[in-house]
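Asks: Below is a structure I'd like to ask you about.
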Amino acid sequence: MSFFTEHSTLICCILLASLVTVAPKVIPITLLKGDRLPRVVKDWLSFVPVAVMAALVGPDIFFSGGTFDVSFNNLFLMAALPSIVVGCVFKNYFVTLAFGICFVIAVRFMGWY
Amino acid sequence: MATTISAPAAAAEGMRRALPIMLGYISVGFAFGVLAVKNGIPPSLAVGMALLHFSGSGQFVFVSLWGAGVGTLSIATAVMIVNLRYLLQSAALSPWLSSLPAWKRFLLGLGVTDENFAVHVTAFQKGFPLSLTTLFTCNTATWSSWVLGCAVGAFCGELVHDVRPLGLDYALTAMFLALLVPQCVSRLHIVIALFSLGASVALKGAGMGQWNVALATVAGATLGVWLMQRCGRYGRNSGGASGTARASGNAEDGQAPVGADDGTHGPKGGA
Chain A
1 MSFFTEHSTL ICCILLASLV TVAPKVIPIT LLKGDRLPRV VKDWLSFVPV AVMAALVGPD
61 IFFSGGTFDV SFNNLFLMAA LPSIVVGCVF KNYFVTLAFG ICFVIAVRFM GWY
Chain B
114 MATTISAPAA AAEGMRRALP IMLGYISVGF AFGVLAVKNG IPPSLAVGMA LLHFSGSGQF
174 VFVSLWGAGV GTLSIATAVM IVNLRYLLQS AALSPWLSSL PAWKRFLLGL GVTDENFAVH
234 VTAFQKGFPL SLTTLFTCNT ATWSSWVLGC AVGAFCGELV HDVRPLGLDY ALTAMFLALL
294 VPQCVSRLHI VIALFSLGAS VALKGAGMGQ WNVALATVAG ATLGVWLMQR CGRYGRNSGG
354 ASGTARASGN AEDGQAPVGA DDGTHGPKGG A
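Protein sequence lines, in the order shown, are assigned to chains A and B.
Residue numbering for the first sequence follows the working numbering, beginning at 1 and increasing consecutively.
Residue numbering for the second sequence follows the working numbering, beginning at 114 and increasing consecutively.
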């Protein structure tokens, strides 16, 4: 039995999932005429970046190991709080990014987490 | 495409945007490769998935459901729900790319991920000129790193040790935080950010871990428009960044950045 017949179900599943992954990525950007959208739609879209980034980062920092965790045991939450302060103070993307990663490396190196 | 920067500078800017993402993608991709093989997916098909999907959360949902023996249609439905947020991101990029022909926008659409979307839209808001070299350099570099990470994880997962001591598991979270803070240019934006963040966490806590990002984003953007109209377009809530946003918008080859007129879209709390 060849590789393809052996895994035909999985391959079909991957191709179907590719379709529902790629379609939402390309359809709006290809079909929408960005400069001819109604005013209210443009306004709405202008809020998507801030909303989607907040919606992505929220579960990252408030869930630890799959459960909601607001405590000192949640490393990502503990790293996020000073990162936000650094972001507000320095207003520099790379400084904030480097601070966050270095913070996580440092506290793990110290054996706190 | 008329740009104000040279090709090498544009490519360098693309790599600058891509580097932090690549760090995250190599490590997350590695984790994906290991998990895929554990869930009974052959390494070659795991890499094929990474090539075709280029989507972190969708792929993780796929392998965990496949490992649990769920049927094809249910897996595809779950993946589709997780990926609904790409509809929003793809649409939100379109006002910045309206001068491009459709086939170029299609190619750029293939590179839409949470991270690529976030760095590109932030650059546009800051007034960085539209440069296909920059966009394609970044998208191709991040795509390659994702596939590479998946391949290493799938084919030789046992050879590489834990990435946690390097802090790489936190890289993408750190990146979103670093991009989210400058998004909060006005009180209105801070309200939207807090609301979307809270809604996303609440939805996930309520067991809607596949819907949470898309629903929270729709709710947050709708709240933003509602508050903007309620407080008046030129209200004090949106006053902060109008100077920066308008100036940078006009510099951009006639591109009309969304929301620039009322300053709801500027890169930092200027004036």
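Yeah, the Cβ is synthetic: ideal placement off N, Cα and C, and Gly gets one too.
I need the straight-line Cα distance from B:Ile303 to A:Phe94, nearest angstrom please.
Replies: Numbered from its first residue, the second sequence carries residue 303 of chain B at position 190. Numbered from its first residue, the first sequence carries residue 94 of chain A at position 94. Straight-line spacing of the CA atoms in B:Ile303 and A:Phe94 works out to 21 Å.
Asks: From A:Ala28 to B:Leu220, what does the alpha carbon distance come to, in whole angstroms?
Replies: Within the first sequence, numbered from 1, the residue matching residue 28 of chain A stands at position 28. Within the second sequence, numbered from 1, the residue matching residue 220 of chain B stands at position 107. One point to set straight first is that residue 28 of chain A is Pro, not Ala, in the sequence displayed. So the two alpha carbons sit approximately 12 Å from each other.
Asks: Considering only DSSP beta bridges, list what A:Phe68 is partnered with.
Replies: Here residue 68 of chain A refers to the residue found at position 68 of the first sequence. Answer is A:Phe63, bridged to A:Phe68.
Asks: Does the beta-carbon distance from B:Ala123 to B:Thr247 come in below 8 Å?
Replies: Taking the second sequence and counting its residues from 1, the one referred to as residue 123 of chain B is at position 10. Taking the second sequence and counting its residues from 1, the one referred to as residue 247 of chain B is at position 134. With a cutoff of 8 Å on beta-carbon distance, B:Ala123 and B:Thr247 are scored as near each other.
Asks: B:Phe241 lies in the alpha helix (DSSP H); which residues open and close that run?
Replies: By one-based count along the second sequence, residue 241 of chain B stands at place 128. B:Phe241 -> no alpha helix (DSSP H), and no H or E assigned at all.
Asks: Using the three-state DSSP reduction, which class does B:Phe175 fall into: helix, strand or coil?
Replies: Locating residue 175 of chain B in the second sequence gives position 62, counting from the first residue. Helix, per DSSP.
Asks: What's the C-alpha gap between B:Thr330 and A:Pro24?
Replies: Counting from 1 along the second sequence, the entry for residue 330 of chain B is found at position 217. Counting from 1 along the first sequence, the entry for residue 24 of chain A is found at position 24. One C-alpha to the other measures close to 15 Å.
Asks: What does B:Phe289 reach in chain A if we use C-beta pairs closer than 8 Å?
Replies: Residue mapping note: residue 289 of chain B aligns to position 176 of the second sequence, counting from 1. Result: Met53, Leu56, Val57, Asp60.
Asks: Taking buried to mean at least 16 other C-beta atoms within 10 Å of its own C-beta, is A:Ser2 buried or exposed?
Replies: As a working note, residue 2 of chain A is residue 2 in the first sequence. Burial call: exposed.
Asks: A:Asp69 versus chain B: which residues are under 8 Å apart at the beta carbon?
Replies: In the first sequence, residue 69 of chain A corresponds to position 69, counting from 1. None at all; the shortest Cβ gap to chain B is about 11 Å.
Asks: Whose C-beta lies closer than 6 Å to the C-beta of B:Val232 among residues of the same chain, with five residues either side of it excluded?
Replies: Position 119 of the second sequence, counted from the start, is the residue given in the question as residue 232 of chain B. The residues are Arg130.
Asks: In angstroms, rounded to a whole number, what distance separates the CA positions of B:Arg198 and B:Cys344?
Replies: Taking the first residue of the second sequence as position 1, residue 198 of chain B is located at position 85. Taking the first residue of the second sequence as position 1, residue 344 of chain B is located at position 231. For B:Arg198 and B:Cys344, the distance between alpha carbons rounds to 28 Å.
Asks: Does any residue of chain B bring its CB to less than 8 Å from the CB of A:Pro24?
Replies: Within the first sequence, numbered from 1, the residue matching residue 24 of chain A stands at position 24. Chain B contact via Cβ: present.
Asks: Taking the alpha-carbon positions, what's the A:Ile84 to B:Leu293 distance?
Replies: Counting from 1 along the first sequence, the entry for residue 84 of chain A is found at position 84. Counting from 1 along the second sequence, the entry for residue 293 of chain B is found at position 180. Their backbone Cα atoms lie some 9 Å apart in a straight line.
Asks: Counting contacts by CB-CB distance shorter than 8 Å, is B:Arg343 in contact with chain A?
Replies: Mapped onto the second sequence, residue 343 of chain B falls at position 230. Not one chain A Cβ lies under 8 Å of B:Arg343.
Asks: Chain B beta carbons: is any one of them nearer than 8 Å to that of A:Gly34?
Replies: Translated into the one-based positions of the first sequence, residue 34 of chain A becomes position 34. So yes, A:Gly34 belongs to the interface.
Asks: Does DSSP put B:Gly353 in a helix, in a strand, or in coil?
Replies: Taking the first residue of the second sequence as 1, we reach residue 353 of chain B at position 240. With a pLDDT of only 39 at B:Gly353, under 50, the local geometry of the prediction cannot be trusted, and no value is derived from it.
Asks: Compare the C-beta of B:Cys251 against all C-beta atoms of chain A and say whether one is closer than 8 Å.
Replies: For the purposes of this step, residue 251 of chain B is identified with residue 138 of the second sequence, where counting begins at 1. So, not an interface residue.
Asks: Output needed in chain order: residues of the segment 79 to 91 of chain A with a Cβ under 9 Å from some Cβ in chain B.
Replies: Ala79, Ala80, Ser83, Ile84, Val86, Gly87, Cys88, Lys91
Asks: Could you give the distance in angstroms between the alpha-carbon of A:Lys42 and the alpha-carbon of A:Leu56?
Replies: Along the first sequence, one-based indexing puts residue 42 of chain A at 42. Along the first sequence, one-based indexing puts residue 56 of chain A at 56. Roughly 22 Å separates the two Cα atoms.
Asks: Put B:Gly262 into one of helix, strand or coil per three-state DSSP.
Replies: Here residue 262 of chain B refers to the residue found at position 149 when the second sequence is read from its first residue. Helix at B:Gly262.
Asks: Taking all protein chains shown into account, do 16 or more other C-beta atoms lie within 10 angstroms of the C-beta of B:Glu229, making it buried, or fewer, making it exposed?
Replies: As a first step, residue 229 of chain B must be located in the second sequence, where it is residue number 116. One point to set straight first is that residue 229 of chain B is Asn, not Glu, in the sequence displayed. So B:Asn229 ends up on the buried side.
Asks: Compute the Euclidean distance between the alpha carbons of A:Pro38 and B:Leu213, then round it to the nearest angstrom.
Replies: Taking the first sequence and counting its residues from 1, one reaches residue 38 of chain A at position 38. Taking the second sequence and counting its residues from 1, one reaches residue 213 of chain B at position 100. Approximately 19 Å, taken between the alpha carbons.
Asks: Is it the case that the segment 176 to 184 of chain B contacts the segment 144 to 154 of chain B, given that we only count it when at least three CB pairs across the two stretches are under 8 Å?
Replies: yes
Asks: So B:Ala204 is in the alpha helix (DSSP H); what residue range does that whole segment cover?
Replies: For the purposes of this step, residue 204 of chain B is identified with residue 91 of the second sequence, where counting begins at 1. That run of the alpha helix (DSSP H) goes 197 to 206.
Asks: By the criterion of Cβ-Cβ separation under 9 Å, what are the contact partners of B:Leu223 in chain A?
Replies: Against the second sequence, residue 223 of chain B aligns to sequence position 110. Simply Val22, Lys25, Val26.
Asks: Out of B:Pro121, B:Ser203, B:Ala205, B:Gly127, point me to the one whose CA is closest to B:Cys251's CA.
Replies: The residue given as residue 251 of chain B occupies position 138 in the second sequence. Out of B:Pro121, B:Ser203, B:Ala205, B:Gly127, B:Gly127 has the C-alpha closest to the C-alpha of B:Cys251.
Asks: Which complete alpha helix (DSSP H) runs does the segment 243 to 317 of chain B hold, if anything under 4 residues is left out?
Replies: 245 to 269, 284 to 296
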